[in-house]
Amino acid sequence: MRIRLVRLLTDGVFSLAFLMLLLLLLTATTTICTIVSASVNNSSTINQSFAPERAGRGTLSYNSSDPDLGGSSWTDAGNRSSSTFEQPAKPCCDSNSTDRASSPSARTHRVVIEFSTKIVQNEYIVQFNGYYKPKEREGFIQTALNGSKVQKWRILPRNNPAQDFPSDFDVLTLEEAVEFADDGLALLRTHPSIKSISPQRMVHRALKYVPLRQSELDSANEATDEDEDGEQEPELPEPEIELDDTETNDFIEFIQKRRLATEDSSPSQPPAAAAQPPPPPPPPQSPSRHSNRRLLRAIPRQITALLKADVLWGMGITGQGVKVAVFDTGLAKSHPHFKRIKERTNWTNEKTLDDGVSHGTFVAGIIASSKECLGFAPDAELHIFRVFTNNQVSYTSWFLDAFNYAILKKINVLNLSIGGPDFLDQPFVDKVLELSANKVIMVSAIGNDGPLYGTLNNPGDQMDVIGVGGMDYADNIAKFSSRGMTTWELPYGYGRLKPDIVTYGSQVKGSNLNGGCKSLSGTSVASPMVAGAVTLIASGVLDRPEVDLNPASMKQALIEGAQRLTDNNMFEQGHGKLNILRSMKALAAYRPRVTLSPAYLDFTEDYMWPYTTQSLYYSSMPVIANVTILNGMGVIGRVINRPTWHPYSNEHGELLNVSISYSEQLWPWSGWMAVHIGVNEAGRGFEGIAQGHITLTVQSPAEGENEREPRNGTVSFALKVRIIPQPPRQKRILWDQYHSLRYPPGYLPRDNLKIKSDPLDWRADHVHTNFKDMYTHLRNAGYYVEVLGAPYTCFNASHYGTLLVVDPEEEFFPAEIAKLREDVLDRQLSVIVFADWYNTSVMRRIKFYDENTRQWWMPDTGGANVPALNDLLREFGIALGDRVADGYFDMRDHRMYYASGANIVRFPVGEGTILIERDLLDEGLAITQPDESRSKVRTRTAILGMLQTDRRMYARLQPATPNPEGPPLAPPDETLEDLEEENGKIDRGAIINKRILLSAAGGADLDEDEEVPNDGGEFNRDEAANRIDAGEEPLPDDDREADDIGQLLRERTKAAAHKQQQQHNSTTARTAHRPELTAGGRIALYGDSNCLDSTHLEKPCFWLLDSLLEYTMTSHVTSLLRDLNVSRQTEQIEGG
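The opening residue of the sequence shown carries number -6 in this note's numbering; numbering runs sequentially from there.
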């Protein structure tokens, strides 16, 4: 068999005898591959033993506080002083495990974790303002419900280890009618001791083993492939033993000096808060990077050796004394890999403590295995929290109880290899914050939803949590690893930098269910690697009272020690690759201080994507940097005075306008600072670099008996901005972010209804998240893309060539509608709209029952808010319908896919108009009436319209004067009541009121079980009901052909124009004396946005976007679109 030498990490003082013995062992062994974990042997301070673990692991005592095992725990009462661990005796620690059949081949699969949540009917989490005993909590609920209509209520018993301790919540069941339950909930919310009431949620986690692509296999196994005939290949060159590892030598020398200094110094001296942290390290420029990458491509025998954990083991740092909690699927008490299983607890409704899935065993093994596939902290105290059943089901209340117990047990490090998009499960989020406030260092996977941006999972996206991403052995970010930015802040601000750090997450070996090892990939693998490293380095400072170990100081140490990857930006890698030795060094020398993440902003550095992709210029929308403040001085702090901008006069800093907002209170351990950067008028024609810095001072209370004064820490945030002269209007695009929403603030359904695995639209629709590919394409084409995070009344249209509106969900205020009309007609602003489906019957099919309101809830809108878009475009004679169209089609040489798009039902026809149709399927009909044969028949559908506006054509319409105080001005002969009667009374406030739009075509809200009438003949555009605007007359019942939509639209336009002419005679008279007006801006409308959205992209339509921009920016129509125009064909038919 082949034998490969594992890369040995050494301090250069290995004895010659040891090397000769090792070589002798390698040449003599032909059938066994025994991995010897590399260690440092320093004869002056270390006595490393390679002896196997002592026989007998000590006495395991079984403590049961509940007969059904719900409150049982295992306690390891054995010898805890030994720091030795058994070396592996199995060949190579690969997929040759004892329970190989339990999972697919580890060499060809990676694990994908999918989460789904749903609300549990009739169950509520009642949160209190403090911790109370069960009788007290019951008394509060009883008092609140006295005098209410609620009679059938009970508090669910929780048979787990936390049941006898004070708690801050209860799970309440209300088995009452809706009106009685609502009365009881309202009374509960008014009780002074009750903080909040939330629905109980059930979480389902699905583990899937996904086959690796061939490219992934080639990358991961480049050095380990064998011929198919089984013959042995010539042995590959092995990495050379490094006898002079500079980093390791420097680290050992540093630790030795620190130990000597500690012995000579007084331990009573209080820690001092640093006034200024060290500057951030420059990006790495390693001359030997190619050779390093070559050495990392082979899958290592021990991942711990690759990250140099064995260097710390050799110095006696093995995780001892640190309590680490694993929240997962449990662990068998007799698993041979673990020495110190301190306690096992079960928080589920299953009567077992063992792992029936293998995921929890694998995660625990990465952290603390002492055999075969080694973990990072083999001597740490393992606390196993079984919070998922064998069916991968959990509840919010289970996590809350387990979190409370972790606080009670004073857990130091907690690993959560879980995540999901629901960062508004408020009880869960609040409890994570409370854990951090109690000095629990939480490490969590960032998610496996890459390579899309803006796909971070909770709780890894929280400021107080260490969010971990994954990378491969070639030091590239893994494709599956979720990317930043955070989306909490959208659409009004900008996301924070996440992940915090990355480490290996591809083909990592860990403990299998019953022994042996297997390999898995995913950020749920990378997370326990960081948790194990955190446990390991934390154990190295337990004897140093001057080191304040808390979530902020640990994250600061990890960030300071991280090695930046050269080929990935900050939203992919965070602060870089985990480096245990450098982080251990930073923590050992730590003094409480304030730091920032990111530490600076540089528009000239590729790492700073997307800031480096577009320079600033005068009149551009301000660029926002959302900076996380890490406060290592205390769990609570406050920003004193205000952050101050210091421009560098010799570096043109005076050309920048910098405004700053921030969180005045920092808790727990963190806060935020938002920096808005723009260019003032003095920089209109400047080209070059402008620099300056912001100073921020944080104050925290004094810590310990020896401190009398508050702790103050000041930090600087450097800015380096590239400025260019103001680009021409024809190159500037304004992206409408303000009218885009995302889950969870509202129930927003997916844009592509065929994607069943991703039912909610939670990507935030930003040019730096799921529209990143479109943004990159536009920048490469020479366009400048700016983001509008405010209403239409807040931008100067004369600066921009095109407003790009993609998949909007929010309402448009009347003042916005009036402003846009004026901008298009008077200021020649052009508009491109990419819409999506909207169909009330489909929306009712995907409704859900909300236990919080005890009502059936439908989506707040469809894929896009088509009624709102119709309001926006109404005065241009444009309207979208509610037919959900789907299907592949060709536009000359371009293959296209229409994914759950909308159809155009009204569009002006004539000179300066382009209308394009295609034969598509009716997906809405297939969803609501799956047996209907018509759903399988393609019908002619208008999908693209292009319009050149002219002020003369629209002069008869009502004036487009912005009117923030009320709705657009009505003509003298039309009252506001008439307008509301025609258009439907619509509340344009909160998105929750969009449900009124579902019946805007006329009629009151229907009962949930009633059949929903089509708001416009959604499955047959020839029906009279196919009217998106309720004020129009029904179409005559004639024998028009279904594909003659051009004729149909022309007649509709004529009818509408005649009606409008009669209604606006006075307006026409007022404008008759004006001089002749020039052409206005251009409008382009396409019914589907999925071809721009990278979330589930099948057929990109960037070429179409290019053509539409060429039209809106220059008025030139490409020959392809001109030839496909059906409105011109209709004119020819009429003329004949």
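Each residue gets a CB set at the ideal place from its N, CA and C atoms; glycine is no exception.
Cβ atoms of His686 and Leu648: under 8 Å apart, would you say?
no
Going by beta carbon distance, what residues of the same chain come within less than 7 Å of Trp1135, once the five residues before and after it are set aside?
This structure gives no information on residue 1135, because the portion of the chain shown stretches from -6 to 1129.
Point to revise | Arg379 in three-state terms, based on DSSP | key: strand
_Residue nearest to Gly140 in terms of C-alpha spacing, selected from Asp1086, Ile748, Leu180_ = Taking only the C-alpha atoms, the option nearest Gly140 is Leu180.
Along the chain, which unbroken stretches of the beta strand (DSSP E) at least 3 residues long are found entirely within the stretch 641 to 669?
-> 649 to 655
Practice problem: Check each candidate in Thr516, Gln821, Tyr890 and name the one with the smallest Cα separation from Leu913. | Solution: Tyr890
- prompt: I think Arg899 touches Ile936, with their Cβ atoms under 8 Å apart; what is that distance to the nearest whole Å?
  reply: 14 Å between Cβ atoms; not a contact.
How should Thr786 be labelled, buried or exposed, when 16 other C-beta atoms within 10 angstroms of its C-beta is the threshold for buried?
exposed
Query raised in the report: Where do the N-terminal and C-terminal ends of the alpha helix (DSSP H) with Arg1115 fall, by residue?
Result: 1112 to 1116
List in chain order: all unbroken alpha helix (DSSP H) runs of 4+ residues lying wholly within the stretch 703 to 791.
765 to 773
task = Say whether the stretch 577 to 584 touches the stretch 454 to 473, bearing in mind that this needs 3 or more beta-carbon pairs closer than 8 Å, one atom from each stretch.
result = no
### Query
Are the beta-carbon atoms belonging to Thr688 and His732 less than 8 Å from one another?
no
Status (buried if at least 16 other CB within 10 Å, exposed otherwise) for Pro591: buried
Contact set for Thr1111: own chain, Cβ-Cβ below 8 Å, skip 5 residues either direction: Ser1100, Glu1103, Tyr1104
Notebook entry, point to check: Alpha carbon to alpha carbon, how far is Glu1011 from Tyr881?
Noted result: Confidence in Glu1011 is poor, its pLDDT being 31 and thus under 50, which makes the residue's placement unreliable; the coordinate value appears in the next sentence. If I take the Cα positions, the gap works out to 20 Å.
Whole angstroms is fine: what's the gap from Arg867's alpha carbon to Arg743's? 26 Å
For this session: Figure out for me which residue from Gly681, Asn562, Gly349 has the closest Cα to the Cα of Asn384.
Result: Of the candidates Gly681, Asn562, Gly349, the one whose C-alpha sits nearest the C-alpha of Asn384 is Gly349.
Handout entry: Classification of Lys335 by the beta-carbon crowding that lies within 10 angstroms, buried from 16 upward
Key = buried
Return the chain-ordered list of same chain residues with a C-beta closer than 7 Å to the C-beta of Pro277, the five sequence neighbours on each side being excluded.
-> Unreliable placement is indicated for Pro277, whose pLDDT of 43 sits below 50; the coordinate value is still reported in the next sentence. Cβ neighbours of Pro277 beyond the five flanking positions: Gln556, Arg557, Thr559.
task: Taking Ala618 as part of the beta strand (DSSP E), name the residues at either end of that continuous run.
output: In the DSSP assignment, Ala618 falls within the unbroken beta strand (DSSP E) covering 616 to 624.
Next item on the list: Check the C-beta distance from Ala828 over to Ser1082 and give it rounded, since I have them as a contact under 8 Å.
Entry: 7 Å
- [ ] Express the C-alpha separation of Leu178 and Ile377 in angstroms, rounding to a whole number.
- [x] 36 Å
Would you kindly check if the distance between the Cβ of Arg704 and the Cβ of Pro585 is under 8 Å? For Pro585 and Arg704, yes; Cβs fall inside 8 Å.
Requested in this report: Tell whether a beta-carbon distance below 8 Å holds between Gly412 and Ser437.
Outcome: Cβ atoms of Gly412 and Ser437: closer than 8 Å.
Check your understanding: Taking the Cβ atom as the reference point for each residue, do Leu623 and Gln692 lie within a distance shorter than 8 Å?
Key -> no
- Item | At least three beta-carbon pairs within less than 8 Å, the stretch 765 to 773 to the stretch 487 to 496 | no
Quiz item: Ordered along the chain, which non-local residues of its own chain (more than five positions away) have a Cβ less than 8 Å from that of Asp1116?
Solution: Arg885
Quick one, are the C-beta atoms of His330 and Glu365 less than 8 Å apart? yes
Just to confirm the assignment, what range does the beta strand (DSSP E) spanning Phe882 have? 878 to 884
Check: Do Pro420 and Ser191 have their C-beta atoms closer together than 8 Å?
Finding: yes
Q) Which of the three DSSP states, helix, strand or coil, is assigned to Pro1133? A) The shown model of the chain, from -6 to 1129, leaves out residue 1133, and the question about it has no answer.
Rank Lys424, Ile434, Asp423, Thr382 by C-alpha distance to the C-alpha of Lys403 and give the top, closest one. Ranking the options by Cα distance to Lys403, first place goes to Ile434.
What alpha helix (DSSP H) runs, 4 residues minimum, are completely inside the stretch 558 to 604?
563 to 566, 573 to 581
Select from Phe173, Glu680, Phe396, Leu299 the residue whose C-alpha is nearest the C-alpha of Ala467. Leu299
Quick check: the stretch 649 to 664 against the stretch 594 to 608, are there 3 or more CB pairs under 8 Å?
no
Item to check | Alpha-carbon to alpha-carbon, Val319 and Asn441 | outcome: The C-alpha of Val319 is placed about 19 Å away from the C-alpha of Asn441.
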